[in-house]
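Residue numbers (our numbering): 2 to 191. What follows is a set of notes on a single structure, which appears directly below.
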């Protein structure tokens, strides 16, 4: 019996490491995409994230751009610590969902575009990617696994794309993200 528990812990550790690595690859790809590095997405989830997060950026650009500016003027030199606070606010009610994950990617995309255009190093963007990977692939690993990991995200994205013609349904799918954006606004203006 103790051997099985040890094996389960070992597999859990490997799963956690693998999930964090997959998450980091996904975040780094999206950040590179946002700063203009053009290449083929490394995975189906990366391709789906590019599509949905960019769509969300376009839809909420009037909100994201001032939020990013406010964030950058108020977070100080440690943007990663500031992003951790934003993540905490984004899921402050404890109800993570794919819409909020997309919202996090979209906000980070706007943020890194601004940072990159102001001459920030790629190292700063890398730290932001690691912050998100630590959160989603570490702290929220159980949620990701319960929702079939990034394969679950592909299912979500296919559904979101399939109902893309029905704007009321798309609005419903991104409603939770809107709640997250409202949370970001609240955090950044107080």
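For each residue, glycine too, the CB sits at the ideal point set by N, CA and C.
{"Item": "Given a cut-off of 9 angstroms on the beta-carbon distance, is the pair residue 65 and residue 58 in contact?", "Value": "yes"}
{"Item": "For a test of the three-state rule: what should DSSP assign to residue 61, helix, strand or coil?", "Value": "coil"}
{"Item": "Can you name, in chain order, every residue of its own chain whose Cβ lies under 7 angstroms from the Cβ of residue 97, other than the five neighbours on each side?", "Value": "141 and 144"}
{"Item": "Going by DSSP in three states, residue 119 sits in which element: helix, strand or coil?", "Value": "coil"}
{"Item": "My output table needs one value for residue 78: the three-state DSSP class, helix, strand or coil.", "Value": "coil"}
{"Item": "Are the CB atoms of residue 49 and residue 122 nearer to each other than 9 angstroms?", "Value": "no"}
{"Item": "At which residues does the alpha helix (DSSP H) containing residue 149 begin and terminate?", "Value": "It is not in any alpha helix (DSSP H) - residue 149 carries neither H nor E in the DSSP assignment."}
{"Item": "Check whether the stretch 21-28 and the stretch 72-79 are in contact - that is, three or more C-beta pairs closer than 8 angstroms.", "Value": "no"}
{"Item": "DSSP three-state call for residue 104: helix, strand or coil?", "Value": "helix"}
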